[in-house]
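Structure record follows, encoded as C-alpha cells.
Number of protein chains: 2
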Amino acid sequence: MIDIARHAGVSKSTVSLVLRSSPLVKAETRRLVERAIDDLGYVYNRGAANLRQARSNMVGMVINDLANPFFAELAVGIERVFQGAGYVPFIANTAENPLRQAEVLRALREQGVAGLIVCPSRNTPADAFKGLVADGVPVVQAMRKVDGARAASIVPDNRRGGRQTTEHLLALGHRRIAFLGGYRDTFAHAERSGGYCQALDAAGVGVDAALIIDGPPNRDGGETGLARALGLANPPTAVLCFNDVVAFGVLAGLRQRGLMPGVDFAVVGFDDVADARHASPPLTTVAVDSFALGERAAQTMLRMVHGDATPVEGVGDVHLVVRESCGAGMEQAA
Amino acid sequence: MIDIARHAGVSKSTVSLVLRSSPLVKAETRRLVERAIDDLGYVYNRGAANLRQARSNMVGMVINDLANPFFAELAVGIERVFQGAGYVPFIANTAENPLRQAEVLRALREQGVAGLIVCPSRNTPADAFKGLVADGVPVVQAMRKVDGARAASIVPDNRRGGRQTTEHLLALGHRRIAFLGGYRDTFAHAERSGGYCQALDAAGVGVDAALIIDGPPNRDGGETGLARALGLANPPTAVLCFNDVVAFGVLAGLRQRGLMPGVDFAVVGFDDVADARHASPPLTTVAVDSFALGERAAQTMLRMVHGDATPVEGVGDVHLVVRESCGAGMEQAA
DNA sequence: ACTCAAAATTGGAACGATCCAAAAAAGAAC
DNA sequence: GTTCTTTTTTGGATCGTTCCAATTTTGAGT
C-alpha cells in the first residue's frame, strides 16, 4: 500500500480512503491512486483490514448436507441475496457431523466472518453457537433449529405441512399411513411427524407406532424403510416421506416390486425440490419454497449485521402440491 | 493473547508457540497456557497470523454450478481429502457467471487462501488466474480447463467417453445419433462432441451438423433439445447427452410423448451421477468417478502447496456403464 | 561448585490495513 | 490580502499475530 502511495505521490492514508471509496478524496486524486493500483497489481489484504475494523465482507453458510438437492437450492437462494448486498458468501459442508461442524464454525470465526447462516447438523449441542453469539456475530439458523440455542431461526412450518399431507391422504380414503425416513432425534422429524400424528388423531384414526419408521434422510432410507413397511403384518397403503429424496427412494422401491406408485400405493414427499415434478409419477409433496426461505434467512442476517438485535423466529409458509404420486382418484384402494 | 499470557504468567511469545503447537515449549507450560485459553474463551485471529506468515489453512473451491448434482458430488469428494490434511475448504458458487467468478476469486485472494480448486465458469478469460498464479497461489482446474491458462488441471477423458458411447450406440445398430445439450463454447462440449464425431467418422457414418443441438446443460436443455431433434425431417433414433441432467430431461420428454426410453428410443448420459442408476429406466452413461477426480485434484493442490511446481495435466479414466436406457437388445429399432 | 551446551522463554520489531487528531490546501467573505 | 470555513490530506499509533535475536533456565559433565 505504501508502494502505491509513493507511486501516486500521496500518503498511505489517502490510499486507504480510496480503497474504501470514501467521499473525502478529490476525484482527481482518486483517479491517480486507482491507476497506481492496477499498474502495480495490488491486492487488498482483508485480514489486515479486519484487524482494526471488525467489519468483514465474508459471510458463511454452514450446510449439513450439500448432496441433498434441497440444501443446494437453499444455498443458491441465499447466495443471490448476499451478492447484491456486497457480501461474499462461502459455503461449508458439515455432512451431518457435529464435530466437523464445530471445526467449520471455529474456522469461520477465526477468519472473522460478518455473519453466519447455519443449517445445523444432527446432534448439534445447544451451546454450539454460544461463542459466536457472545462475540456479536449474527447467527441465523435455517430449516432446522437447535433447542436451547439463542440464535435467530427461519424454518418452514413443518408441523402444518405434515398435517396437511396427512389430511389429504385421509381424504383420499387411506387409513394405514406410514411416516418414512429421517432421524427421530432431529428437529424436522419431530415437527413433521408431529403434524402427521395430530392429523391422525383429529380424524380419530389413531397413531400406530410401528408405522413411524425412521432411517437416513436419503434415497436408501426410502428404499429400506419401504421394505420394512411392506413387511409389516398390517402394511400401509400410503406413505408420507420425511423428504423428497426419501420419497424418490420409495418410488424406486415400489417399482422394483412391480407396484405402481399413485395407483397401487400413495406416496407423498416433503420439500418440493426441483426434481419432484419430474419424477415418475410426478411427486405430490409439500412446497417449502427454499428460495424464499433462503432469502428470508439472508435478509434476517443482514438486518442483524446492521445492528437490529431483535431475535427473530420466522416460520415460512408451506403448501401442499398435489401431483400424481398420491393417486388422487384411487379412493377404492383403501 | 496478551491477556492469556498474563493469566498464565508467561509471555505472549510463549502463548504463540503453544498455539502453533511448537515442540519448543515444556509440557507443563503448555498445559498452563491451554487452561488459560479456554478459561478466557480466546479465539485465534487467523487474519493477524496471516499477516506475518502467508500460510493460511483455508482452501477455496470455486464451482460453476452447485445445482448440478455432479458438481456437488465432486465438492464432497474434494472436501474429504482436505479435512484429513488440516485444511478447511470453503465452497463458492459462480453460477456460470464469469463476472461473479472474478469477484469470488478476488475475495478468496484477499482472504489469503492457501490454494484453489476451480471448475471454471463458461467464458472464463484466459488470464482469470494470472494474478493468483503470479502470487504463488496453487490453482488446480477441475473438470474443465481454460485454454491459455497456466494452471494445473484434472479433467476426465471426455473425448474417450464421447467416442465409447457413440461406438456403443453404433454397435446397437443406430445410424442417426444426436448429440444433445451443453454449450458449444465450453471445453467439455468440444471434447465430448469431438469424441462423438470421431466415432461416427471412423464408422463411416458421417456427422450431420443438424444433429448436434446445443442448449443449457440442465433438464430444460434436454427437453427442448429433444423437441428440436424429433422435429427434424430425418429424426434421430438415439441421443448422446452432454451430461446426465440433460439426459434426465430427455427421459421425461420422451415419456410425455408416449415414447419408452430404451425401447422406442436410446438415451445415453455422461457423468454417472448418483441418480443415474435410479432413473427409470436406469440410465446408460459414462462414469467419470467424480470422487476420484476430486480426490486427485485436491492431492495435486496439496502437492503444489508443499512446493512441487511441476505443472500437472491429469486426465481421469472413464468407462461406459451400460444400463437400460440405451436399449441394449433393441437392434431392430434402427 | 563451575563450565558449557541444550532447552525454554522472552521483548521488540515487523506484517498491512484503519483510525484519529492535526495540518495543509482551497474557497468564501470581507 | 486577511480571516475564517470547509474540504482534503497526512503522520503516527494501533489491531493480533509471528519472527528474530537475545536472554534465562535447566541439566549434564567434570
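Sequence order for the protein chains is A and B.
Under the numbering used here, the residues of the first sequence are numbered 1 to 334, in order.
Under the numbering used here, the residues of the second sequence are numbered 335 to 668, in order.
We put the beta carbon where it would ideally sit given N, CA and C, even for glycine.
* **Inter-residue spacing [alpha-carbon to alpha-carbon] between B:E362 and B:D337** => 19 Å
* Enumerate in chain order the residues of its own chain whose CB-to-CB distance from B:G343 is below 8 Å, with the five nearest sequence positions on each side excluded. => L366
* Asked: Does any C-beta atom of chain A lie closer than 8 Å to the C-beta of B:P550?
  -> no
* Asked: Listing by chain order, which chain A residues have their CB less than 8 Å from the CB of B:Q445?
  -> R46, G47, M58, Q111
* To do: Could you please give the first and the last residue of the uninterrupted alpha helix (DSSP H) stretch that includes B:E407?
  => 403-418
* To do: Quick one: using the 10 Å Cβ neighbour count with 16 as the cut-off for buried, is A:N234 buried or exposed?
  => exposed
* Asked: B:E437 versus chain A: which residues are under 9 Å apart at the beta carbon?
  -> Q83, V88
* For B:V377 and chain A, any beta-carbon pair shorter than 8 Å? -> yes
* Is B:P645 buried or exposed, if buried means 16 or more other CB atoms sit within 10 Å of its CB? -> exposed
* Beta-carbon proximity of A:L200 to A:T166, cut-off 8 Å -> yes
* **Residue from A:L66, A:D208, A:V139 with nearest C-alpha to A:A149** => A:V139
* To do: Report the residue from A:R46, A:A48, A:L19, A:D65 whose alpha carbon sits nearest the alpha carbon of A:E34.
  => A:L19
* Proximity test, Cβ basis, 8 Å: B:R484 and chain A -> no
* By the criterion of Cβ-Cβ separation under 7 Å, what are the contact partners of B:E413 in chain A? -> N93
* **For B:L442 and B:G394, believed in contact at Cβ under 8 Å, the rounded distance** => 4 Å
* Would you mind working out which of A:A203, A:R52, A:I117 sits nearest A:V155, comparing C-alpha positions? => A:I117
* Asked: For B:G465, which residues in chain A fall below 8 Å Cβ to Cβ?
  -> G41, V43
* Asked: When the Cα of B:R478 is compared with those of B:L588, B:G650, B:P550, which residue comes out closest?
  -> B:G650
* **Distance between B:A485 and A:K12 (C-alpha atoms, nearest Å)** => 34 Å
* To do: Pull up the DSSP beta-bridge partners for B:H653, would you.
  => B:A621
* **Straight-line gap, B:L627 to A:G182 (C-alpha atoms, nearest Å)** => 30 Å
* **Residue from B:C575, B:R510, B:D598, B:F576 with nearest C-alpha to B:L566** => B:R510
* Asked: Name the chain A residues whose beta carbon is nearer than 8 Å to that of B:A409?
  -> L66, N93
* To do: Report the three-state DSSP secondary structure of A:D135 (helix, strand or coil).
  => coil
* **Contact under 8 Å by Cβ, B:A462 with B:L439** => yes
* To do: Indicate whether at least one CB of chain B lies closer than 8 Å to the CB of A:H168.
  => no
* Asked: With B:G661 and B:A621 assumed to form a contact (beta carbons below 8 Å), what rounded beta-carbon distance in angstroms separates them?
  -> B:G661 to B:A621, Cβ: 19 Å. No contact.
* Asked: Can B:D578 and B:T618 be called in contact, C-beta distance under 8 Å?
  -> no
* Check the Cβ of B:L385 against every Cβ in chain A and list those closer than 9 Å, keeping chain order. => N45, G47, A48, L51
* Asked: Quick one: is the Cβ of A:N243 within less than 7 Å of any heavy atom of the ligand MN?
  -> Ligands displayed in this structure: none; no statement on the ligand MN is therefore possible.
* Quick one: grab the DSSP three-state call for A:A190. => helix
* Ignore the nearest five residues each way along the sequence and tell me which others in B:R497's own chain have a CB closer than 6 Å to its CB. => G529, Q532, A533
* To do: May I ask you to report which of helix, strand or coil DSSP gives B:E647?
  => strand
* Through-space distance from B:V396 to B:L504, alpha-carbon basis -> 38 Å
* Are the C-beta of B:P472 and some C-beta of chain A separated by less than 8 Å? -> no
* From this set, A:T124, A:D135, A:G115, which residue's C-alpha is nearest B:L374's C-alpha? -> A:D135
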